[in-house]
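Here the structure comes first, spelled out in structure tokens, and everything after it is commentary.
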Ligand SMILES: Nc1nc(=O)c2c([nH]1)NC[C@@H]1CN(c3ccc(C(=O)N[C@@H](CCC(=O)O)C(=O)O)cc3)C=[N+]21
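In this note's numbering, the protein residues as written are 1 to 300.
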């Protein structure tokens, strides 16, 4: 068997185009332009790249992008003051504080200072609790993107056995909760799990967010299963020239795609969906704050 490739790049482009249409409609009907504020503290080069691409895509969707670049030695008080200002700014519907923050800043405290209705990352304790109890709330971008990709394969997830590998607060845990809300039978495995290959062989759906290149092998996968690779690992690629690198996921793509029914590639899979979902979350936040009807995007 050769797996169907779930094209995250194409799906993300579809999602952005739906977001753009709804943004134009809201602008025409209500004169409101959704706005996203992105806060970057320090100058981590990888974060720079993501923040630039978020800003560019926000503007392309017809939304306002407000970028705040703060120096590495910004105090907690300064950062909290900025968040307070953004919370009460009517032009700002979404606030994202790029993680990781420098070590002297308490990220839990900073995230929980964001108005939960503007927390487009879905990291605020209120949103985490609401998603965990199956209430409507802002869903973290990466898990939301994964659910949209799964919706391409399964019209109904009920009764599917799903294994999530990794239990981070930003991917593994919320992913497990969303799958459970969709009535999957959910297993969440992690560093201390001892029998992951055996668990994987039972799974119809495997979502991998472990940050370990090549972790998932073909022998782990039940024939026909769907494999969602959240890993983004930059590894040396001497074959491309000295000092060059390339991106790989957590899945041995070539061998697993011979067994799986569907699989997401890296790059071009979950990553582009994550940024597109950030735009979708900003649009949803804007609709919620203004009591406009909530758009349904890619069925999620
Ligand atoms: N508050 C916060 N929210 C985030 O959502 C957040 C964050 N902090 N910190 C960093 C991570 C990382 N992240 C990515 C988004 C898109 C790609 C992406 O589009 N990747 C491309 C490849 C890009 C490349 O070539 O480097 C792909 O997989 O095809 C990757 C990583 C969001 N993050």
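Heads up, the beta-carbon is just placed ideally off N, CA and C, and yes, glycines get one too.
Just to confirm the assignment: which complete alpha helix (DSSP H) runs, minimum length 4, are found wholly within the segment 57-115? The segment 57-115 contains these whole alpha helix (DSSP H) runs: 76-87, 107-111.
(request) Determine the contact status of residue 131 and residue 122, defining contact as a CB-CB distance below 8 Å. (result) In contact: residue 131 and residue 122 (Cβ atoms closer than 8 Å).
Boundaries (first-last residue) of the beta strand (DSSP E) holding residue 274
No beta strand (DSSP E) holds residue 274; the alpha helix (DSSP H) holding it covers 270-289.
Next on the checklist: My assumption, with CB atoms under 8 Å, is that residue 272 sits in contact with residue 12. Please give the rounded CB distance.
Outcome noted: Indeed, because the Cβ distance is near 4 Å, the residues count as touching under 8 Å.
Just the Cα atoms here: how many angstroms apart are residue 162 and residue 2? Taking the straight line from one Cα to the other gives about 21 Å.
request  = Report whether the distance from the Cβ of residue 141 to the nearest heavy atom of ligand 1 is below 7 Å.
outcome  = The answer is yes for residue 141.
- Query: Just how far apart, CA to CA, sit residue 61 and residue 283?
  - Reply: Their backbone Cα atoms lie some 10 Å apart in a straight line.
_Suppose the cutoff is 6 Å on Cβ atoms and the five residues either side in sequence are ignored; what does the same chain contact list for residue 37 look like?_
Here residue 37 has 66, 86, 92, 95 as same chain residues with Cβ atoms under 6 Å from its own Cβ, once five neighbours each way along the sequence are excluded.
Review point. Terminal residues of the continuous alpha helix (DSSP H) containing residue 256?
Key: First-last of the alpha helix (DSSP H) with residue 256: 253-256.
Practice item. Please confirm whether any heavy atom of ligand 1 lies closer than 7 Å to the CB of residue 269. Key: Within 7 Å of the C-beta of residue 269 there is at least one heavy atom belonging to ligand 1.
| request: Between the Cα of residue 179 and those of 248, 213, 52, 205, spot the shortest distance and give me the residue it belongs to. | output: The residue among 248, 213, 52, 205 with its C-alpha nearest the C-alpha of residue 179 is 205.
**Prompt:** Sorted by chain position, which residues of the same chain lie with C-beta nearer than 7 Å to residue 57's C-beta, five sequence neighbours on each side aside?
**Reply:** The residues are 16, 275, 279.
Q) For residue 152, which of helix, strand or coil comes out of DSSP? A) Helix, per DSSP.
Exercise. Flag residue 258 as yes if its beta-carbon sits less than 8 Å from any beta-carbon of chain D, otherwise no.
Key: Among the chains in the structure shown there is no chain D, since it carries only a single protein chain.
### Query
Is the number of C-beta pairs between the segment 163-177 and the segment 140-151 that are closer than 8 Å three or more?
Yes, the segment 163-177 touches the segment 140-151.
> If you follow the beta strand (DSSP E) that residue 38 is part of, which residue opens it and which one closes it?
Replying inline: Judged by DSSP secondary structure, residue 38 falls within the beta strand (DSSP E) whose first and last residues are 35-41.
Am I right that residue 165 and residue 120 are in contact with their C-beta atoms under 8 Å? What's the rounded C-beta distance? About 26 Å; that fails the 8 Å criterion.
Practice task
With a 10 Å radius around its C-beta and 16 neighbouring C-beta atoms as the bar for buried, classify residue 73 as buried or exposed.
Solution key: Classification of residue 73: exposed, given that the 10 Å Cβ count is below 16.
Quiz item: Using the rule of at least 16 other Cβ atoms within 10 Å of the residue's Cβ for burial, across every protein chain shown, is residue 34 buried or exposed?
Solution: Counting Cβ neighbours within 10 Å, residue 34 comes out buried, since at least 16 surround it.
Leaving out five residues before and five after residue 221 in sequence, what residues of the same chain have Cβ atoms less than 6 Å from its Cβ?
256, 259, 260.
Next item on the list: Pull up the distance between the alpha-carbon of residue 155 and that of residue 147, whole angstroms please.
Entry: About 11 Å.
- Query: Does ligand 1 have a heavy atom nearer than 7 Å to the CB of residue 284?
  - Reply: Not so, every heavy atom of ligand 1 lies at least 7 Å from the Cβ.
Alpha carbon to alpha carbon, how far is residue 216 from residue 229? Taking the straight line from one Cα to the other gives about 9 Å.
### Task
Could you tell me if the beta carbon of residue 19 falls within a distance shorter than 7 Å of some heavy atom in ligand 1?
Incorrect: residue 19 has no Cβ contact closer than 7 Å to ligand 1.
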